[in-house]
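Asker: Using the working numbering, read the sequence shown as starting at 4 and increasing by one per residue.
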Amino acid sequence: MSLREDIEEIRTQALGELEAVEAGEALEAWRVKYLGSNGAVKAAMQRLKEVPKEQKPALGKAANELKNALAAAMQARARQIAAGPATKAAGDGIDITLPGQRPRIGHTHIITQTVSEICEIFARMGFTVATGPEVEDEDHNFNALNIPPEHPARDPLDNFYIDAHTMLRSQTSTVQIRVMENTTPPVRIISPGRVYRPDTVDATHSFMFHQVEGLYVDEHVTMADLKTCLDQFCKAYFGPEVATCFRPSFFPFTEPSAEVDIESHRPDGTGYWIELGGCGMVDPNVLDAVGYDSERYTGYAFGLGIERMIQRKHAIPDIRLLFGSDIRFLHQF
Ligand code: DAH
Numbered sequence: 004m005s006l007r008e009d010i011e012e013i014r015t016q017a018l019g020e021l022e023a024v025e026a027g028e029a030l031e032a033w034r035v036k037y038l039g040s041n042g043a044v045k046a047a048m049q050r051l052k053e054v055p056k057e058q059k060p061a062l063g064k065a066a067n068e069l070k071n072a073l074a075a076a077m078q079a080r081a082r083q084i085a086a087g088p089a090t091k092a093a094g095d096g097i098d099i100t101l102p103g104q105r106p107r108i109g110h111t112h113i114i115t116q117t118v119s120e121i122c123e124i125f126a127r128m129g130f131t132v133a134t135g136p137e138v139e140d141e142d143h144n145f146n147a148l149n150i151p152p153e154h155p156a157r158d159p160l161d162n163f164y165i166d167a168h169t170m171l172r173s174q175t176s177t178v179q180i181r182v183m184e185n186t187t188p189p190v191r192i193i194s195p196g197r198v199y200r201p202d203t204v205d206a207t208h209s210f211m212f213h214q215v216e217g218l219y220v221d222e223h224v225t226m227a228d229l230k231t232c233l234d235q236f237c238k239a240y241f242g243p244e245v246a247t248c249f250r251p252s253f254f255p256f257t258e259p260s261a262e263v264d265i266e267s268h269r270p271d272g273t274g275y276w277i278e279l280g281g282c283g284m285v286d287p288n289v290l291d292a293v294g295y296d297s298e299r300y301t302g303y304a305f306g307l308g309i310e311r312m313i314q315r316k317h318a319i320p321d322i323r324l325l326f327g328s329d330i331r332f333l334h335q336f
């Protein structure tokens, strides 16, 4: 075999064997075999002595190139081995036999989902959705709702005042007034949204929570309509077997007033009532204050706690879970 053939043979064989080298010791053995002082490259160089003088420069150059090429290939292989097998796999391209991975995408929060569901149920009963500001004036939060200046509900300790006449609304009843100011009767609206009260946070209280307000004003609206509406709503949201109970109560903006409860059960099967919110027939003073003829029109109103509903429906013991961002909790809905 001529020296030139020998050089090419060594190159092919060495690079072929190098591909199969997977670990440091094998790499060292490969180095000794090809680049060591008794290695194949050295042997090829020694054969330079035998070749005719005029071929020496070209063959000497070829032998040097072989040595440099093998040294460079060895260094590259050493880096691959040091980086570990993953690099090799990635270097090989994408493994199309791996199962596909669906990215984890988000979804609407359970409160948002519930607001949509509530709006849908009331829409079937003819209610449209109205909204109002969360930063509210005391006229809409109190005065127009027949809550006089000396009323304890206006206590600065029980409200988030921004200045003497402006506050974060403490109830969605404000929207009743805003809608009636801009609409001639009949009106039939609900208004879901956030309300704020400086309550100490615990399992059943939060400084911010959600209510859904309802208002229906027309001729001949009665308490029977109110009870039917709320009973039907509860059966649609909680299920047809749920019982509702109306307890006499007092709110300055309704007369008569009631609190609406739904039936709930302990693990041992015994029943109890959970308060969902307040309701009643709109007080004539409220209708008069917005310029409605209270001799001709009557109406009912209600305000229900949305977190309460969610907690009852999904057996959530602590309201704080709804306002945390624990993915393990939120993912369930
Ligand atoms: N706004 C009341 C509250 O936050 C709830 C309420 C009671 C709303 C009676 C009403 C109503 O519309 O008629 O406690």
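Using N, Cα and C, we set each Cβ at its ideal position, and we do this for glycine too.
These figures come from a predicted structure and were not determined experimentally.
Is any heavy atom of ligand 1 found at a distance shorter than 7 Å from the C-beta of Ala133?
Answerer: no
Asker: Rounded to the nearest angstrom, how far is the Cβ of Leu218 from that of Val190, given a contact under 8 Å?
Answerer: 6 Å
Asker: Give the straight-line distance between the Cα atoms of His112 and Phe336, rounded to the nearest whole angstrom.
Answerer: 8 Å
Asker: In the DSSP output, what is Pro55 paired with across the bridge?
Answerer: Bridge partners of Pro55: none, in fact.
Asker: Quick one, which of Tyr37, Leu38, Thr247, Ile150 has its alpha-carbon nearest Thr257's?
Answerer: Ile150
Asker: Taking Cβ to Cβ, would you say Glu216 is nearer than 8 Å to Gly274?
Answerer: no
Asker: Does the distance between the C-beta of Cys282 and the nearest non-hydrogen atom of ligand 1 fall short of 7 Å?
Answerer: yes
Asker: Buried or exposed: which applies to Met4, given that a residue is buried once 16 or more other Cβ atoms fall within 10 Å of its Cβ?
Answerer: exposed
Asker: If Ile338 sits next to His213, beta carbons under 8 Å apart, how far is it from one beta carbon to the other, in whole angstroms?
Answerer: Any answer about residue 338 is impossible in this case: the structure gives the chain only from 4 up to 336.
Asker: Going straight from the alpha carbon of Asp271 to that of Met226, what length do you get?
Answerer: 35 Å
Asker: From this set, Glu298, Leu279, Asp228, which residue's C-alpha is nearest Tyr240's C-alpha?
Answerer: Leu279
Asker: Report buried or exposed for Asp98, applying the criterion of at least 16 other Cβ atoms within 10 angstroms of its Cβ.
Answerer: Burial call: exposed.
Asker: Starting from Glu31 and walking both ways along the alpha helix (DSSP H), at which residues does that stretch end?
Answerer: 27-38
Asker: Helix, strand or coil for Arg172, going by three-state DSSP, please let me know.
Answerer: coil
Asker: Who are the Cβ neighbours of Phe163 in its own chain at under 7 Å, not counting the five residues just before and after it?
Answerer: Met170, Leu171, Tyr199, Pro201
Asker: Just to confirm the assignment, what range does the beta strand (DSSP E) spanning Thr301 have?
Answerer: 301-308
Asker: Under 7 Å: does the beta carbon of Phe253 sit that close to some heavy atom of ligand 1?
Answerer: no
Asker: Could you name the residues of the same chain whose beta carbon sits closer than 7 Å to that of Phe249, not counting the 5 residues immediately before and after it, in chain order?
Answerer: Lys230, Ala261, Val263
Asker: With respect to 7 Å, is the separation between the Cβ of Gly306 and the closest non-hydrogen atom of ligand 1 below this value?
Answerer: yes
Asker: According to DSSP, is Tyr2 part of a helix, a strand, or is it coil?
Answerer: Any property of residue 2 remains undetermined from this structure, which presents the chain solely from 4 to 336.
Asker: Tell me where the alpha helix (DSSP H) around Glu337 begins and ends.
Answerer: Past the edges of the chain, shown from 4 to 336, lies residue 337, and the structure says nothing about it.
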